[in-house]
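Okay, so here's the structure we're looking at.
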Amino acid sequence: MRQLPPLSEPSFGFAQTPFGECCIVFSNDGICALIFPESKESAYADLDNRFPETDFRQDDAKAIRLARKIFEEGQKPLLNPIGTDFQLSIWRALQRIPAGKTATYAQIAEAIGRPKAVRAVGTAIGANPIAYLIPCHRVIRTDGGLGGFRWGLDCKKKMLDYEKKK
DNA sequence: ATAAAGGCCACCC
DNA sequence: GGGTGGCCTTTAT
Numbered sequence: 022m023r024q025l026p027p028l029s030e031p032s033f034g035f036a037q038t039p040f041g042e043c044c045i046v047f048s049n050d051g052i053c054a055l056i057f058p059e060s061k062e063s064a065y066a067d068l069d070n071r072f073p074e075t076d077f078r079q080d081d082a083k084a085i086r087l088a089r090k091i092f093e094e095g096q097k098p099l100l101n102p103i104g105t106d107f108q109l110s111i112w113r114a115l116q117r118i119p120a121g122k123t124a125t126y127a128q129i130a131e132a133i134g135r136p137k138a139v140r141a142v143g144t145a146i147g148a149n150p151i152a153y154l155i156p157c158h159r160v161i162r163t164d165g166g167l168g169g170f171r172w173g174l175d176c177k178k179k180m181l182d183y184e185k186k187k
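Heads up, the first sequence is in this note's numbering, so the first residue is 22 and it goes up one at a time.
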């Protein structure tokens, strides 16, 4: 999938959230990543891996403003995820799951018209670059199990509880 | 071009 | 509970 549209003023920054410190990657075209790295170093590595040859400007103040909008005011900024057509269609489907609700991997597969691609759906959801805003945490297994989560299962649990309370 | 690895599921025991 | 085989996309050989 490596074919990046040019980003206008690529930037990133770190900010606190109810689920730990996150790293937000954004440009004038929207947010292209929101991750929960274990350390700054792993954030840099991740960034370098996802956006090779791109040099980012660090802007924590903007990241903090974004985080406040997202996690405190419940706003949803413009998103600019990068992926294959298959992945994009799945990430779009995720955004149709209302907060406080869940869907299963099989239901997502059904929703994009590929009922047999359940396994691939799981993989694509795991590749979601924009945590929380593309709510991959709302997808669970058909048998009721939590399934997996890129940033740790208790993080997934926290996000679900957090949304249920509202 | 091919292999291997996945945030799955249905089905069996 | 657990193991197996099939399913489909992506990434790394």
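Ideal Cβ placement from N, Cα and C applies to all residues, glycine included.
C-beta contact flag for residue i and residue j at 7 Å
i, j, result
"G233", "R171", "The structure shown has nothing for residue 233, since the chain only spans 22 to 187."
"I118", "A124", "yes"
"V160", "I111", "no"
"A130", "A138", "yes"
"F40", "K179", "yes"
One or two residues paired with residue i in a DSSP bridge
i, result
"T125", "I161"
"G51", "S48"
"T38", "G41"
"I56", "C44"
"I151", "L55"
"R78", "S32"
"L100", "I52"
Nearest-angstrom Cα separation, counted from residue j out to residue i
i, j, result
"A145", "A82", "31 Å"
"E184", "L115", "15 Å"
"G173", "F35", "19 Å"
"C176", "Y153", "10 Å"
"P98", "F33", "15 Å"
"A88", "R71", "21 Å"
"G169", "E59", "17 Å"
"D69", "N49", "19 Å"
Burial state of residue i (16 or more Cβ within 10 Å)
i, result
"S29", "exposed"
"L109", "exposed"
"P73", "exposed"
(message) Under 8 Å: do the segment 51-69 and the segment 92-102 share three or more Cβ pairs, one atom per stretch?
(response) yes
(request) Mind the definition here: the segment 88-96 touches the segment 61-74 only if three or more C-beta pairs lie below 8 Å; say whether that holds. (result) no
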